[in-house]
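> One structure coming up, written as C-alpha cells, with questions to follow.
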Amino acid sequence: MKDKFLWGSATAAYQCEGAWDEDGKGPSIWDDYCHSTANLTGITGDVSCDHYHHFKEDIKMMAEGNQNTYRFSISWSRILPKDDHVVNEAGFRFYDELIDECEKYGIVPNVTLVHYDLPDYIGTWTNPKVSDEFAYYASVVFKHFGNRIPLYATINEPSHNTACCYLIGNYPPNEHNMQHFVECAYNMAVCTAKAIREFRKLNLNSTIGVVHASGASESLADTPKYLEAIKYSNMFHNDWVLDPAIKGYYEDELIEKVKSSGIDLSFVKKEDLEIIKDNTVDWIGQNAYDRNLVKPYTGGETTATVNNRGDNDGTSKSARESKIIKGWFEVDRDENVPLNKWGREVYPRQIYNTLLRIKDRYGNIPIWITENGHGQYDIADENGYVEDNERIEFLNNYLQWILKAKEDGVNVRGYYVWSTMDLYSWINGYKKRYGLVRVDYEDGNLKRTPKKSFYWYKDFITKYKDI
Ligand code: NOJ
Numbered sequence: 000m001k002d003k004f005l006w007g008s009a010t011a012a013y014q015c016e017g018a019w020d021e022d023g024k025g026p027s028i029w030d031d032y033c034h035s036t037a038n039l040t041g042i043t044g045d046v047s048c049d050h051y052h053h054f055k056e057d058i059k060m061m062a063e064g065n066q067n068t069y070r071f072s073i074s075w076s077r078i079l080p081k082d083d084h085v086v087n088e089a090g091f092r093f094y095d096e097l098i099d100e101c102e103k104y105g106i107v108p109n110v111t112l113v114h115y116d117l118p119d120y121i122g123t124w125t126n127p128k129v130s131d132e133f134a135y136y137a138s139v140v141f142k143h144f145g146n147r148i149p150l151y152a153t154i155n156e157p158s159h160n161t162a163c164c165y166l167i168g169n170y171p172p173n174e175h176n177m178q179h180f181v182e183c184a185y186n187m188a189v190c191t192a193k194a195i196r197e198f199r200k201l202n203l204n205s206t207i208g209v210v211h212a213s214g215a216s217e218s219l220a221d222t223p224k225y226l227e228a229i230k231y232s233n234m235f236h237n238d239w240v241l242d243p244a245i246k247g248y249y250e251d252e253l254i255e256k257v258k259s260s261g262i263d264l265s266f267v268k269k270e271d272l273e274i275i276k277d278n279t280v281d282w283i284g285q286n287a288y289d290r291n292l293v294k295p296y297t298g299g300e301t302t303a304t305v306n307n308r309g310d311n312d313g314t315s316k317s318a319r320e321s322k323i324i325k326g327w328f329e330v331d332r333d334e335n336v337p338l339n340k341w342g343r344e345v346y347p348r349q350i351y352n353t354l355l356r357i358k359d360r361y362g363n364i365p366i367w368i369t370e371n372g373h374g375q376y377d378i379a380d381e382n383g384y385v386e387d388n389e390r391i392e393f394l395n396n397y398l399q400w401i402l403k404a405k406e407d408g409v410n411v412r413g414y415y416v417w418s419t420m421d422l423y424s425w426i427n428g429y430k431k432r433y434g435l436v437r438v439d440y441e442d443g444n445l446k447r448t449p450k451k452s453f454y455w456y457k458d459f460i461t462k463y464k465d466i
C-alpha cells in the first residue's frame with residue numbers, strides 16, 4: 000500500500016448508511032435537523048441507499064470496478080450514542096464487517112472520523128467541549144481499529160462545513176453569524192490537533208490527515224487590488240484550515256485581518272495553540288469541485304447564496320453562486336466558463352492550480368484527491384442503466400489535470416470519485432446524483448445498477464494502475 004497509487008470512490012455515513020436508529024445508534028444533528036420542521040422538503044437520510052445492509056454488495060461492486068480503496072466515514076453517534084463515553088459495540092461491529100469485506104478484496108480503507116454528522120449531544124461545532132469529546136471519540140476509534148485502517152482523516156471539509164453552518168446557513172444550525180463561523184473554524188483546528196495527539200500516543204503504522212474542500216483562489220485580472228483579493232480569499236478559504244493542520248500555526252496576518260473584521264478572539268487559548276503546534280497532519284485530502292474566482296470587495300454586508308433552495312434547485316436556470324466577505328473579497332463570474340445546474344463553475348484546471356499551490360506553500364506533503372464528482376439529474380433506461388456521458392467528461396478532464404500535477408512533481412497518492420453509488424446529497428436530497436452506480440429508490444430492494452461512468456472508470460484504472 001505504501002507506494003501504490005490508490006484508485007477508489009467515496010461515501011459518507013449519514014449520506015449512505017440509513018439505519019439511522021438501528022443497533023443502538025444515537026441521533027446525529029442531521030437526524031435531528033431532517034426530522035424537524037426546519038427541513039422544508041421532509042427528505043431525510045433515514046434509509047438512503049441503505050449501505051448499512053447492502054455494504055457487501057457495494058464493496059463487491061467496487062472490486063469489480065478495479066477499485067482498490069474505499070473512503071467512508073464513521074458515524075460518531077453509532078460508536079458513542081450518548082453523552083456518557085459508553086461505547087456501542089454494535090456500532091463497531093458494523094464497521095468491522097465493512098472492513099473485513101474491504102480486506103477480502105484488497106480494498107484499502109480511508110476513513111474520516113466526522114463528515115458533518117456531529118452527535119446531537121454535541122450539538123454544534125461552537126460547543127466549547129467539542130475538541131475534548133472529539134479527541135475521546137477519536138482515541139476509541141484508533142484503539143479499536145489500529146492499523147486495520149491505514150489512512151485516517153479527522154474532519155471532512157472544515158471550510159465548507161463552517162460556511163454551510165454559519166455563513167450560508169443551509170446546514171444545521173442554519174445561522175448567519177461570523178463570530179460563530181470563526182469559533183467553529185478554530186474548534187475544528189483544535190479537534191484535528193487533539194485527535195492527532197491521541198493518534199501519536201499509539202505509535203500506529205497508519206497515517207492521519209484532514210480533508211480539505213476549497214481550491215486555490217484565482218482572479219480575472221492581476222492588478223494589486225485583484226492580487227489582494229486572491230490573498231484574502233486564500234486566507235478565508237484555505238489558509239485557516241491548512242496552515243494549522245500542516246504548519247502548526249496561523250499566520251499573524253490572518254489573525255489581524257479576522258480581528259479587524261470585528262471578531263472577538265477571546266476564546267483562543269494559549270494551550271490550544273501549543274497543541275496545534277505539536278500535532279500536525281501526515282497528509283492532506285483535497286476535494287476537487289469548483290473554483291474560487293474572486294475580485295476585490297466593492298461593498299455590502301457579508302453574505303453567501305447557493306442554489307439548492309426554493310425554485311432554483313438545479314431544475315431552473317442556473318444562477319452563479321454568490322459570496323461577499325465584507326472587507327475581504329467578492330466572488331467573480333467568468334462568462335467563458337460553463338456553470339453546472341447549481342451555478343458552480345465547471346473548471347477542471349482548478350485542481351491543477353490547487354495542487355500546485357499546496358506544493359508551493361507546503362512542500363512535498365502527500366495528497367489524496369479524496370473527492371471529485373459531478374452532480375446531475377441522471378436518466379435511466381428501462382433496465383436502470385444510465386449513460387452519463389457528461390459525468391465521464393467531467394471526471395476525465397479533472398483527471399488529466401491531476402495526472403499533469405503529478406507529473407509536475409506534486410505528491411499525489413490516490414484519487415476517489417464522489418460517490419461510490421447514488422446517495423443522499425444533503426439538502427439537495429436524492430435527485431442530484433453523483434454515483435458511479437445507480438440506486439433505484441423506487442425499488443423495494445434499492446437495486447444497484449452500474450452506470451456507464453462505472454465501466455469507464457474501471458478501464459481508466461486499468462490503464463493508469465501503475466502510475
Ligand atoms: C463534498 C462533501 O464532502 C459531500 O458530502 C458532498 O455530498 C459532495 N461534496 C457533493 O456535494
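Going by numbering that gives the first Met the number 0, the first residue of the sequence shown is number 0, and it counts up by one from there.
Even glycine gets a Cβ: it sits at the ideal position worked out from N, Cα and C.
1) Let me confirm a value: aspartate 99 is counted as buried when at least 16 other C-beta atoms fall within 10 Å, else exposed. Which label applies?
2) Cβ of asparagine 155 within 6 Å of any heavy atom in the ligand NOJ?
3) Where in the segment 229 to 309 do unbroken runs of the beta strand (DSSP E), each at least 3 residues long, occur, reported from the N-terminal end onward?
4) Lysine 103: which of Trp400, Asn67 and Asp439 sits nearest, CA to CA?
5) Would isoleucine 324 and phenylalanine 180 qualify as a contact pair, given that the criterion is a beta-carbon distance under 7 Å?
6) DSSP puts asparagine 202 in a beta bridge; with which residues?
7) Just to check, is the beta-carbon of serine 476 closer than 6 Å to a non-hydrogen atom of the ligand NOJ?
8) Go ahead and label alanine 9 buried or exposed: buried means 16 or more other beta carbons lie within 10 angstroms of its beta carbon, across all protein chains shown.
9) Work out the CA separation of glutamine 349 and lysine 269 for me, nearest whole Å.
10) Could you check if alanine 89 belongs to the surroundings of the ligand NOJ, using beta carbon to heavy atom distance under 6 Å?
11) Identify the residues that DSSP records as bridge partners of asparagine 395: which are they?
12) On the DSSP bridge list, what partners appear for glutamate 6?
13) Thinking C-alpha only, which one of Asn335, Asn352 and Tyr351 is nearest glutamate 344?
14) Give a yes or no on whether the C-beta atoms belonging to alanine 137 and leucine 112 are separated by under 7 Å.
15) Report yes or no: do the segment 151 to 171 and the segment 245 to 254 share at least 3 C-beta pairs separated by less than 8 Å?
16) What would DSSP say about alanine 379, mapped onto helix, strand or coil?
17) At a cut-off of 6 Å, is alanine 184 close to the ligand NOJ when judged by its beta-carbon and the heavy atoms of the ligand?
18) Counting only runs that start and end within the segment 63 to 139, where is the alpha helix (DSSP H) found for 4 or more residues in a row?
19) For serine 72, would you say it is in contact with chain D, using Cβ-to-Cβ distances shorter than 7 Å as the test?
20) Whose CA, out of Thr40, Gly383, Asp271 and Ala37, lies closest to the CA of serine 130?
21) Since tryptophan 417 and proline 347 should fall inside the 8 Å C-beta cutoff, what is the C-beta to C-beta distance between them, to a whole number of angstroms?
22) Should alanine 37 be labelled buried (16 or more other beta-carbon atoms within 10 Å of its own) or exposed?
23) So, using beta-carbon positions, are threonine 353 and glycine 214 closer together than 7 Å?
24) Does arginine 432 pass the burial test, meaning 16 or more other C-beta atoms within 10 Å, or should it be called exposed?
25) Mapping DSSP to helix, strand and coil, what is isoleucine 154?
26) Inspect the beta-carbon positions of glycine 374 and aspartate 439 and report whether they are closer than 7 Å.
27) Closer than 6 Å by C-beta to glutamate 21: which residues in its own chain qualify, once you throw out the five before and the five after it? Chain order, please.
28) Give a single yes or no on whether alanine 11 has its beta carbon closer than 6 Å to a heavy atom of the ligand NOJ.
29) If you draw a straight line from the alpha carbon of cysteine 190 to that of leucine 39, how long is it in whole angstroms?
30) Can you tell me whether DSSP reads arginine 147 as helix, strand or coil?
Looking at the atomic coordinates:
1) If you number the sequence shown from 1, residue 99 lands on position 100. When all chains shown are included, aspartate 99 counts as exposed.
2) Counting from one through the sequence shown, the residue named residue 155 turns up at place 156. True, at least one ligand heavy atom lies under 6 Å from that Cβ.
3) 282 to 287, 291 to 294 and 302 to 304
4) Locating residue 103 in the sequence shown gives position 104, where the first residue counts as 1. With distances taken between Cα atoms, lysine 103 lies closest to Asn67.
5) Taking the sequence shown and counting its residues from 1, one reaches residue 324 at position 325. Taking the sequence shown and counting its residues from 1, one reaches residue 180 at position 181. No. Outside cutoff.
6) For this step, residue 202 is matched to residue 203 along the sequence shown. Asparagine 202 pairs with nothing; no bridge assigned.
7) An answer regarding residue 476 cannot be provided, because it is not within the stretch 0 to 466 covered by the chain.
8) Here residue 9 is taken as the residue at index 10 of the sequence shown, counted from 1. The residue is buried, with at least 16 neighbouring Cβ atoms inside 10 Å.
9) Locating residue 269 in the sequence shown gives position 270, counting from the first residue. Locating residue 349 in the sequence shown gives position 350, counting from the first residue. Each residue's Cα considered, the two are about 36 Å apart.
10) The residue given as residue 89 occupies position 90 in the sequence shown. No, since every heavy atom of the ligand NOJ falls outside the 6 Å radius drawn around the Cβ of alanine 89.
11) In the sequence shown, the residue the question calls residue 395 occupies position 396. Paired residue(s): none; asparagine 395 is not in a bridge.
12) Start at 1 with the first residue of the sequence shown, and residue 6 comes out as number 7. The identity of residue 6 in the sequence shown is tryptophan, whereas the question assumes glutamate. According to DSSP, which records beta bridges pairwise, tryptophan 6 is partnered with Tyr414.
13) Here residue 344 is taken as the residue at index 345 of the sequence shown, counted from 1. For glutamate 344, the nearest C-alpha among the options comes from Asn335.
14) Here residue 137 refers to the residue found at position 138 of the sequence shown. Here residue 112 refers to the residue found at position 113 of the sequence shown. Result yes, Cβ atoms of alanine 137 and leucine 112 sit closer than 7 Å.
15) no
16) The residue you call residue 379 lines up with position 380 of the sequence shown. Reduced to three states, the DSSP call for alanine 379 is strand.
17) The residue you call residue 184 lines up with position 185 of the sequence shown. Not under cutoff, so the answer is no.
18) 75 to 78 and 88 to 103
19) The structure shown contains no chain D, having only a single protein chain.
20) Residue mapping note: residue 130 aligns to position 131 of the sequence shown, counting from 1. It is Asp271.
21) Translated into positions along the sequence shown, residue 417 becomes position 418. Translated into positions along the sequence shown, residue 347 becomes position 348. Going by Cβ atoms, the distance from tryptophan 417 to proline 347 rounds to 15 Å, so no, they are not a contact pair.
22) Position 38 of the sequence shown, counted from the first residue, corresponds to residue 37. Its Cβ having fewer than 16 others within 10 Å, alanine 37 is exposed.
23) Here the question's residue 353 lines up with position 354 in the sequence shown. Here the question's residue 214 lines up with position 215 in the sequence shown. Taking 7 Å as the Cβ cut-off, threonine 353 and glycine 214 qualify as a contacting pair.
24) What you label residue 432 is simply residue 433 of the sequence shown in a count that begins at 1. So arginine 432 counts as buried.
25) If you number the sequence shown from 1, residue 154 lands on position 155. Reduced to three states, the DSSP call for isoleucine 154 is strand.
26) Translated into positions along the sequence shown, residue 374 becomes position 375. Translated into positions along the sequence shown, residue 439 becomes position 440. Result no, Cβ atoms of glycine 374 and aspartate 439 do not sit closer than 7 Å.
27) Residue 21 sits at position 22 when you count from the first residue of the sequence shown. None.
28) On the sequence shown, position 12 is the one that residue 11 refers to. Yes, the Cβ of alanine 11 comes within 6 Å of a heavy atom of the ligand NOJ.
29) Locating residue 190 in the sequence shown gives position 191, counting from the first residue. Locating residue 39 in the sequence shown gives position 40, counting from the first residue. Those two C-alpha atoms are separated by around 31 Å.
30) The residue given as residue 147 occupies position 148 in the sequence shown. Residue state, collapsed to three classes: helix.
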